[in-house]
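Asks:
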Amino acid sequence: MTVRQLCEKAGFSPVTELNDVEVNGAYCCDLLSWIIGRAKENAALVTVMTNVNVIAVAVMAELSCVVLTEGVILDAAALEKARQNGVAVLSSEKPSYETSVLIHNLLGK
Amino acid sequence: MAINMRYVVDGSDFTTAGEASTAVKMKLKKLGIAPDIVRRVAIAMYEAEINMVIHAGGGVAEVELESDKIIIKLIDHGKGIADVDLAMREGYSTAPDAVRNLGFGAGMGLPNIKKYSDEMHIDTEVGKGTTVTIIINLQ
Ligand SMILES: Nc1ncnc2c1ncn2[C@@H]1O[C@H](COP(=O)(O)OP(=O)(O)O)[C@@H](O)[C@H]1O
Ligand SMILES: [Mg+2]
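Quick note, the sequences are listed as chains Z and D, same order.
Taking my numbering, I'd label the letters of the first sequence as residues 8 to 116.
Taking my numbering, I'd label the letters of the second sequence as residues 268 to 406.
1) Please report the straight-line C-alpha distance between Met-293 (chain D) and Cys-36 (chain Z), rounded to a whole angstrom.
2) For a contact defined as C-beta to C-beta under 9 Å, what are the partners of Met-272 (chain D) on chain Z?
3) Select from the segment 49-60 of chain Z all residues with a C-beta closer than 7 Å to any C-beta belonging to chain D, and list them in chain order.
4) Going by the CB atoms, is the gap between Asn-49 (chain Z) and Ser-71 (chain Z) shorter than 8 Å?
5) For ligand 2, is there a heavy atom less than 7 Å away from the beta-carbon of Gly-376 (chain D)?
6) Which stretch, first to last residue, makes up the alpha helix (DSSP H) that contains Ser-288 (chain D)?
7) Is Ile-321 (chain D) near ligand 2, going by C-beta to nearest heavy atom under 7 Å?
8) Just to confirm, is the Cβ distance from Ile-338 (chain D) to Ile-402 (chain D) under 8 Å?
9) Would you mind stating whether Leu-97 (chain Z) and Val-74 (chain Z) have Cβ atoms separated by less than 8 Å?
10) For Gly-324 (chain D) versus Gly-278 (chain D), is the C-beta spacing smaller than 8 Å?
11) Is the Cβ-Cβ distance between Asp-343 (chain D) and Gly-370 (chain D) less than 8 Å?
12) The segment 294-320 of chain D: which residues have C-beta closer than 9 Å to a C-beta of chain Z, in chain order?
13) Would the beta-carbon of Ile-317 (chain D) be found less than 7 Å away from any heavy atom of ligand 2?
14) Quick one: does Met-375 (chain D) have its CB under 8 Å from some CB of chain Z?
15) Using C-beta distances below 6 Å, list every residue in its chain close to Val-399 (chain D), excluding the 5 sequence neighbours before and after it, in chain order.
16) Can the beta-carbon of Leu-13 (chain Z) be found closer than 8 Å to that of Val-30 (chain Z)?
17) Drop a sphere of 10 angstroms on the beta-carbon of Ser-334 (chain D), count the other beta-carbons inside from all chains shown, and report buried for 16 or more, exposed for fewer.
18) Report whether the distance from the Cβ of Ser-40 (chain Z) to the nearest heavy atom of ligand 4 is below 7 Å.
19) Tell me whether the segment 361-370 of chain D and the segment 297-316 of chain D touch, counting them as touching only if at least three CB pairs, one residue from each stretch, are closer than 8 Å.
20) List the residues that DSSP assigns as beta-bridge partners of Thr-398 (chain D).
21) Under 6 Å Cβ to Cβ from Met-355 (chain D), same chain only, skipping five residues before and after it: list those, please.
22) Do we get a CB-CB distance below 8 Å when we pair Lys-346 (chain D) with the residues of chain Z?
23) So, for Val-320 (chain D): in the same chain, excluding its five sequence neighbours on each side, which residues have a beta-carbon less than 6 Å away from its beta-carbon?
24) Listed in chain order, which residues of the segment 67-84 of chain Z have Cβ atoms closer than 8 Å to some Cβ of chain D?
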């Protein structure tokens with residue numbers, strides 16, 4: 008499933024431009040070194056962290072997208088970096104657990 | 268022929284932390300280095316770069332691309348590491364609360380560098396500084 012399809016099917020709101028990068032799973036965490044060390048390539052990152060370093064981690068670990076939960080708002084510097092690096096950021100109103108379950112079910116895993 | 272890259276890492280700004288790693292990642296990609304190698308370099312170097320910003324007030328990153336390996340050196344003149352074995356332990360961190368609030372300080376940075384590199388060396392002296400050397404083989 009692509010980021011674009013995930014966004015539509017899950018009813019997330021796009022924060023940055025959508026793309027057709029493949030989403031192959033999800034990793035739910037707010038600690039950056041856990042994310043960068045454990046999340047698999049092309050995973051969707053489910054998090055409440057909104058600072059610029061989250062985007063840097065998504066770039067380094069080659070994650071497919073960042074799904075912000077609980078309706079949190081991305082920092083201005085993070086938004087800029089996400090745009091520059093073509094990182095898709097999506098927004099979910101639901102908590103991280105529910106958001107992760109939703110992605111899991113949509114991916115059929 | 269070896270290719271060398273050098274970046275100054277600003278120790279005062281979290282919003283630019285990771286720029287050297289980002290630049291190296293893009294350069295290696297452009298040079299046609301295998302994607303899994305590029306990813307490992309990016310992850311290991313990012314952790315070391317962030318450590319220089321958080322714990323050492325910045326420094327210099329030097330990257331050398333040889334025919335069979337990539338050597339990354341993160342050189343700082345910060346406070347140094349008193350007990351390297353302790354620092355290498357998962358979960359050990361001296362990061363201040365402000366840094367933790369940004370999602371860092373889980374004490375997983377050095378273990379991540381070890382995990383994603385083929386070789387890792389820490390040369391450090393308290394009060395003088397730290398050089399972290401990361402070696403990743405090209406095959
Ligand atoms: N460049 C450095 N200069 C001084 N101390 C460092 C440096 N890098 C790491 N350390 C020390 O090693 C500890 C563990 O580092 P790390 O595993 O990256 O965890 P974290 O950065 O989350 O604290 C740090 O908390 C710090 O005390
Ligand atoms: Mg660290």
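We treat Cβ as the ideally placed atom computed from N, Cα and C, and that holds for glycine.
In this text, all values refer to a predicted model and were calculated from it rather than measured experimentally.
Replies: So, to answer that:
1) 26 Å
2) Neighbours of Met-272 (chain D) on chain Z: none; closest Cβ ~16 Å, over 9 Å.
3) Here the close residues are Met-56, Asn-58, Val-59 and Asn-60.
4) yes
5) yes
6) 286-297
7) Distances taken from the Cβ of Ile-321 (chain D) to the heavy atoms of ligand 2 include one shorter than 7 Å.
8) For Ile-338 (chain D) and Ile-402 (chain D), yes; Cβs fall inside 8 Å.
9) yes
10) yes
11) Inclusion of Asp-343 (chain D) and Gly-370 (chain D) in the CB contact set at 8 Å is not warranted, their separation being larger than that value.
12) Pro-302, Asp-303, Val-305, Arg-306, Ala-309, Ile-310, Met-312, Tyr-313, Glu-314 and Ile-317
13) Indeed, a heavy atom of ligand 2 lies less than 7 Å from the Cβ.
14) yes
15) Ala-315, Leu-341 and Ile-389
16) yes
17) Of the residues assessed, Ser-334 (chain D) falls on the exposed side of the cut-off, its CB having fewer than 16 other CB atoms within 10 angstroms.
18) Ligand 4 is not among the ligands present in this structure, which contains only ligand 1 and ligand 2.
19) no
20) D:Ile-342 and D:Asp-390
21) Leu-377
22) no
23) Gly-278 and Ala-284
24) Taking 8 Å as the Cβ-Cβ cut-off against chain D, the residues of the segment 67-84 of chain Z that qualify are Met-67, Ala-68, Glu-69 and Ala-84.
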